[in-house]
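**Q**
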Amino acid sequence: MVARPIILGVPDRVDAHVLATAAELAAKLRTTLLCIHVDATRYQLEELDDGSVRSAPLDPDSGEESLQDFPAELLQQIRAQLAGLDLHWQTQARAGGAGAQLAQLAVAHDAALIVLGVRQRSVANRIREVLNGSVALHLAHRQCYPVLLVPPPASPRAE
217 MVARPIILGV
227 PDRVDAHVLA
237 TAAELAAKLR
247 TTLLCIHVDA
257 TRYQLEELDD
267 GSVRSAPLDP
277 DSGEESLQDF
287 PAELLQQIRA
297 QLAGLDLHWQ
307 TQARAGGAGA
317 QLAQLAVAHD
327 AALIVLGVRQ
337 RSVANRIREV
347 LNGSVALHLA
357 HRQCYPVLLV
367 PPPASPRAE
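Converting from the sequence shown to our numbering requires adding 216 to each position, the first position being numbered 1.
1. If we count the other Cβ atoms within 10 Å of its Cβ and call it buried at 16 or more, is Ser-278 buried or exposed?
2. Check whether the stretch 252-270 and the stretch 302-314 are in contact - that is, three or more C-beta pairs closer than 8 Å.
3. What is the DSSP secondary structure of His-304, reduced to helix, strand or coil?
4. To which residues does DSSP link Glu-263 through a beta bridge?
5. Report back the beta-carbon spacing between Leu-303 and Ala-242 to the nearest angstrom; my notes put them in contact at under 8 Å.
6. Rounded to whole angstroms, how far is the Cβ of Val-323 from the Cβ of Leu-365, which I believe are closer than 8 Å?
7. By how many angstroms is the C-alpha of Ala-356 removed from the C-alpha of Pro-273?
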């Protein structure tokens, strides 16, 4: 029996605390960590046999169809943080709505768990949630795989 993977939703910035939590869980469960980045400015045209995705921009004047690439800077950060760990991990780039894409991958891989970081409360993040919706809420209400929300690390208290 193959161990069910852990899916980590990777936003535009790698949160070291969230990545460390997901990696620790994957290592303890002796399973693969699938790091997924979803570009919401593009939509998916097709998924190829190797798991890669062809996508196109939402704005037809801003570009053309292409293979969706995992952002190089994010890959470099993940590679640096996971270096030296006894852990099998992979990255994958998707296009479209993050909640729908993570849910689809959870089903396709029969995931053990989906891991997401909780954003710091800010005006910009509140506006983003109003406009785009909350990925965590989408996943919690619209699919059957467990979702782990990793809060930001506690800030040290001034004494």
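Glycine included, every Cβ here is placed at the ideal spot set by N, Cα and C. A quick note: this is a predicted structure, and the numbers were derived from the prediction, not measured.
**A** This is what the structure holds:
1. Label assigned to Ser-278: exposed.
2. When Cβ pairs closer than 8 Å are counted between the two stretches, the stretch 252-270 is seen to touch the stretch 302-314, the count reaching three or more.
3. The DSSP-derived three-state label of His-304 is coil.
4. According to DSSP, Glu-263 bridges with Val-269.
5. Your pair Leu-303 and Ala-242 checks out as a contact, with CB atoms roughly 6 Å apart and the cut at 8 Å.
6. The pair is not a contact, with the Cβ atoms about 20 Å apart (cut-off 8 Å).
7. For Pro-273 and Ala-356, the distance between alpha carbons rounds to 28 Å.
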